[in-house]
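J.: Quick note on numbering: the sequence shown equals residues 545 to 934 in this note's numbering.
Glycine included, each C-beta is placed from N, C-alpha and C at the ideal position.
Every value quoted in this text rests on a predicted model; they were computed, and no experiment measured them.
Pasting in a structure now, in structure tokens, and then I'll have a few things to ask.
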Amino acid sequence: MNYDFDTVVNRKNTGSAKWDLVAARFKDQDVIPMWVADMDFPTAPSVINALKNKANEGIFGYPLRTESYFSAVMDWLSRRHGWGIQKEWMTSSPGVVTALSLCVLTFTNPGDSVLVQPPVYYPFFRVIETSGRRIKENPLAFDGQRYTMDLDGLEKIKGSRIKLMILSNPHNPVGRVWTENELRRLGEYCVQKDIVLVSDEVHSDLIYKGFKHIPTASISEEIARQTITCIAPSKTFNLAGLKSSVIIIPNEKTRAAYNTTLGNLSLAGDNTFGLAALEAAYKDGEEWLEALLVYLEENLQFCLGWFAEKIPAIKVIRTEGTYLVWLDCRSLHMSSQELDTFFKEKARLWLDDGPMFGQGGEGFQRINIACPRSTLTEALSRIEIAVRGL
């Protein structure tokens with residue numbers, strides 16, 4: 545079956561946070577939003593049909609996660625990532641970020657520290673600080689081309705109150721797909737220090753050729769018992785608005801503690817349409833996903849070529865996974881504020897500003913390339929013209 549990713553869908557005035565916030569934040573309504581991790585493609589036909597069928601039922605009472613739901617998740621993880629999980633390991637959350645908050649509340653106390661690897665997805669900082677916990681950083685190492693984990697630096701981190709670590713796997717925003725060796729060493733560190741390892745794997749299905757996603761908990765049984773894995777079809781199938789995530793916790797005691805907090809905060813209920821969409825995506829959406837990955841790979845190569853040929857002052861960090869691309873703009877010699885203003889006012893693009901991602905984000909911008917090629921072409925043209933005008 546052929547899938548169309550080239551047609552531009554007008555998302556303005558549809559209640560889209562990505563597009564309709566432009567009117568509220570910018571005088572120039574021609575600004576193209578390429579900030580949030582939200583694709584400008586319709587989801588898989590199988591998902592749309594499942595939602596139509598569910599809507600036609602006409603009754604939307606309290607839903608139940610069925611055997612077919614659990615099977616869809618287990619089969620997906622086995623097929624796509626070679627990871628065999630058990631039904632009883634699975635629990636839920638309205639979203640992955642909500643799950644991160646639940647983990648912080650459950651496994652740490654006020655004043656405890658939570659470990660992160662900046663530059664990293666900015667909600668990590670929010671869920672830690674708003675809970676009265678402290679951020680402990682193990683910054684990624686960067687050689688100017690590629691990021692790696694500073695695994696030796698982990699051993700130098702001081703403080704006995706590190707109770708939790710939040711890992712981005714694959715990494716947002718730098719696009720690394722972590723290797724088995726990196727994950728093993730990190731997992732063994734958490735086991736040794738008795739640190740609960742929360743692995744945000746929401747981008748795990750969006751991996752480019754030559755790379756392979758490895759679920760953190762699949763490394764070893766010992767690491768699995770220390771790990772909480774957060775997945776969802778939200779990024780893969782563009783379903784963030786349906787609020788349905790799967791939280792995988794092999795350790796029974798850890799799972800029980802998480803579920804207690806989930807219930808205490810009245811977050812254990814599922815979304816009828818979210819369940820239907822998730823099951824349809826994982827059961828029948830694979831062909832669509834394979835077509836999407838081809839298109840995203842082409843967008844990535846298009847982006848890499850354009851910057852190399854026409855905007856060499858901005859360096860693209862070669863992403864290995866996710867549809868988010870990390871732009872090194874330090875050669876423009878602008879302050880963070882100047883750079884953000886430059887993209888918004890001169891290039892008329894709304895990107896995510898590097899400093900939002902913490903230490904190491906200065907001089908960088910994150911751009912979302914999950915859009916029709918024509919939209920990407922227009923965006924890159926705007927950057928080219930703006931840089932040429934400096």
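In three-state terms, what does DSSP make of Tyr691?
T.: To locate residue 691, count along the sequence shown from 1; it is residue 147. The answer is strand: DSSP assigns Tyr691 an E or B state.
J.: Assign Ile603 to one of two classes, buried (16 or more other C-beta atoms within 10 Å of its C-beta) or exposed (fewer than that).
T.: Along the sequence shown, one-based indexing puts residue 603 at 59. So Ile603 ends up on the exposed side.
J.: Here's a check: name, in chain order, each residue in its chain whose Cβ is nearer than 7 angstroms to the Cβ of Lys680, leaving out the five neighbours to either side.
T.: Taking the first residue of the sequence shown as 1, we reach residue 680 at position 136. Correct list, in chain order: Ser657, Val658, Leu659, Ile701, Gly703 and Ile706.
J.: With Ile767 and Val735 assumed to form a contact (beta carbons below 8 angstroms), what rounded beta-carbon distance in angstroms separates them?
T.: Within the sequence shown, residue 767 is the residue found at index 223, counting from 1. Within the sequence shown, residue 735 is the residue found at index 191, counting from 1. The pair is a contact, with the Cβ atoms about 6 angstroms apart (cut-off 8 angstroms).
J.: Give, in chain order, every unbroken run of the beta strand (DSSP E) that is at least 3 residues long and sits entirely within the stretch 797-879.
T.: List check, beta strand (DSSP E) in window: 859-861 and 868-872.
J.: Strictly by DSSP, which residues pair up with Lys680?
T.: Here residue 680 refers to the residue found at position 136 of the sequence shown. Answer is Leu659, bridged to Lys680.
J.: What residue does the beta strand (DSSP E) around Lys598 start on, and which one ends it?
T.: What you label residue 598 is simply residue 54 of the sequence shown in a count that begins at 1. Taken as a continuous stretch (DSSP letters only), Lys598 belongs to no beta strand (DSSP E), being part of the alpha helix (DSSP H) at Pro589 to Glu601.
J.: Use the C-beta contact count for Asn600: other C-beta atoms within 10 angstroms, 16 or more gives buried, fewer gives exposed.
T.: If you number the sequence shown from 1, residue 600 lands on position 56. It is exposed - the Cβ of Asn600 has fewer than 16 other Cβ atoms within 10 Å.
J.: I'd like the list of long-range same chain contacts for Glu724, defined as Cβ closer than 8 angstroms, with 5 residues on each side in sequence excluded.
T.: Numbered from its first residue, the sequence shown carries residue 724 at position 180. Here the set comprises Ile758 and Ile763.
J.: Among Asn782, Ser743 and Gly898, which residue has its Cα nearest to the Cα of Ala761?
T.: The count along the sequence shown starts at 1 and reaches residue 761 at position 217. Ala761 has its Cα closest to that of Ser743, out of Asn782, Ser743 and Gly898.
J.: Counting beta carbon pairs with one atom in the stretch 923-934 and one in the stretch 839-856, are three or more of them shorter than 8 angstroms?
T.: Result yes; three or more Cβ-Cβ pairs closer than 8 angstroms.
J.: Taking only runs of the beta strand (DSSP E) that begin and end inside the stretch 731-796, which ones reach a length of at least 3 residues, in chain order?
T.: The stretch 731-796 contains these whole beta strand (DSSP E) runs: 740-744, 771-775 and 789-792.
J.: Using a Cβ-Cβ distance cut-off of 8 angstroms, determine whether Lys702 contacts chain B.
T.: The displayed structure is made up of one protein chain only, and chain B is not part of it.
J.: Should Arg932 be labelled buried (16 or more other beta-carbon atoms within 10 Å of its own) or exposed?
T.: Position 388 of the sequence shown, counting from 1, holds the residue named residue 932. When all chains shown are included, Arg932 counts as exposed.
J.: Within the same chain, show all residues whose beta-carbon is closer than 6 angstroms to that of Asp897, passing over the 5 residues directly before and after it, in chain order.
T.: Within the sequence shown, numbered from 1, the residue matching residue 897 stands at position 353. Same-chain partners within the cutoff: Asp884.
J.: Just reading off the alpha helix (DSSP H) that Thr919 is part of, what are its end residues?
T.: Your numbering for residue 919 matches position 375 in the sequence shown. Element bounds for Thr919: Arg917 to Arg932.
J.: Between Met618, Met634, Thr635 and Trp633, which has its C-alpha nearest Trp627's C-alpha?
T.: Start at 1 with the first residue of the sequence shown, and residue 627 comes out as number 83. That would be Met618, whose Cα lies nearest to the Cα of Trp627.
J.: With 16 as the cutoff for other CB atoms within 10 Å, does Ser637 come out buried or exposed?
T.: Start at 1 with the first residue of the sequence shown, and residue 637 comes out as number 93. Under this definition Ser637 is a buried residue.
J.: If you reduce the DSSP assignment to three classes, tell me which class Ile911 lands in.
T.: Taking the first residue of the sequence shown as position 1, residue 911 is located at position 367. Here Ile911 sits in strand by DSSP.
J.: Using C-beta distances below 7 angstroms, list every residue in its chain close to Lys598, excluding the 5 sequence neighbours before and after it, in chain order.
T.: Taking the first residue of the sequence shown as position 1, residue 598 is located at position 54. Answer for Lys598: Thr816, Phe817 and Ala820, listed in chain order.
J.: With DSSP as the reference, please indicate the residues paired to Trp894 in a beta bridge.
T.: On the sequence shown, position 350 is the one that residue 894 refers to. Looking at the DSSP assignment, Trp894 forms a beta bridge with Pro577.
J.: Phe901 to Asn912, Cα distance in whole Å?
T.: Position 357 of the sequence shown holds residue 901. Position 368 of the sequence shown holds residue 912. Their Cα atoms are separated by approximately 15 angstroms.
J.: Pull up the CB-CB distance for Val575 and Leu920, whole angstroms please, since I reckon it's below 8 angstroms.
T.: Position 31 of the sequence shown, counted from the first residue, corresponds to residue 575. Position 376 of the sequence shown, counted from the first residue, corresponds to residue 920. Wrong, their Cβ atoms sit about 15 angstroms apart, outside the cutoff.
J.: Please tell me whether Ala857 and Ser875 are closer than 8 angstroms, where the distance is taken between their beta carbons.
T.: Position 313 of the sequence shown, counted from the start, is the residue given in the question as residue 857. Position 331 of the sequence shown, counted from the start, is the residue given in the question as residue 875. In contact: Ala857 and Ser875 (Cβ atoms closer than 8 angstroms).
J.: Just confirm the distance between the C-beta atoms of Gly865 and Gly731, as a whole number of angstroms; I'd bet it's less than 8 angstroms.
T.: Residue numbering aside, residue 865 sits at position 321 when the sequence shown is read from its first letter. Residue numbering aside, residue 731 sits at position 187 when the sequence shown is read from its first letter. Not a contact, Cβ separation roughly 19 angstroms.
J.: Since Thr650 is in the alpha helix (DSSP H), which residue starts that stretch and which ends it?
T.: Taking the sequence shown and counting its residues from 1, the one referred to as residue 650 is at position 106. Looking at the DSSP string, the run of the alpha helix (DSSP H) that includes Thr650 is Val640 to Phe651.
J.: Three-state secondary structure (DSSP) at Phe604?
T.: The residue given as residue 604 occupies position 60 in the sequence shown. Of the three classes helix, strand and coil, the one that applies to Phe604 here is coil, per DSSP.
J.: Alpha carbon to alpha carbon, how far is Ser788 from Glu796?
T.: Position 244 of the sequence shown, counted from the start, is the residue given in the question as residue 788. Position 252 of the sequence shown, counted from the start, is the residue given in the question as residue 796. Ser788 and Glu796: Cα-Cα distance of roughly 22 angstroms.
J.: Under the rule that 16 or more other beta-carbon atoms within 10 Å means buried, what is Gly639, buried or exposed?
T.: Within the sequence shown, numbered from 1, the residue matching residue 639 stands at position 95. By the 10 Å Cβ count, Gly639 comes out buried.
J.: Between the alpha carbons of Leu584 and Tyr547, how many angstroms are there, rounded?
T.: Here residue 584 corresponds to residue number 40 of the sequence shown, with the count starting at 1. Here residue 547 corresponds to residue number 3 of the sequence shown, with the count starting at 1. In the sequence as displayed, the identity of residue 584 is Asp instead of Leu. Using only the alpha carbons, I get a separation of about 14 angstroms.
J.: Determine, using beta carbons only, whether Asn843 and Arg917 come nearer to each other than 8 angstroms.
T.: Indexing the sequence shown from 1 puts residue 843 at position 299. Indexing the sequence shown from 1 puts residue 917 at position 373. In contact: Asn843 and Arg917 (Cβ atoms closer than 8 angstroms).
J.: Roughly how many whole angstroms lie between the Cα atoms of Met693 and Gly605?
T.: Working through the sequence shown from its first residue, we reach residue 693 at position 149. Working through the sequence shown from its first residue, we reach residue 605 at position 61. The alpha-carbon atoms of Met693 and Gly605 are separated by roughly 46 angstroms.
J.: At the level of alpha carbons, what is the spacing between Asp749 and Thr635?
T.: For the purposes of this step, residue 749 is taken as the residue at position 205 of the sequence shown. For the purposes of this step, residue 635 is taken as the residue at position 91 of the sequence shown. So the alpha carbons of these two residues sit roughly 20 angstroms apart.
J.: Which stretch, first to last residue, makes up the alpha helix (DSSP H) that contains Lys562?
T.: Here residue 562 refers to the residue found at position 18 when the sequence shown is read from its first residue. Per DSSP, Lys562 belongs to the alpha helix (DSSP H) from Ala561 to Arg569.
J.: Tell me which residues share the same chain as Lys756 and place their Cβ nearer than 8 angstroms to its Cβ, disregarding the 5 neighbours each side in the sequence.
T.: What you label residue 756 is simply residue 212 of the sequence shown in a count that begins at 1. So the list reads Val721, once near-sequence residues are dropped.
J.: Please classify Asp550 as buried or exposed, where buried requires at least 16 neighbouring CB atoms within 10 angstroms.
T.: Within the sequence shown, the letter at position 6 stands for residue 550. Asp550 is exposed by the Cβ-count criterion.
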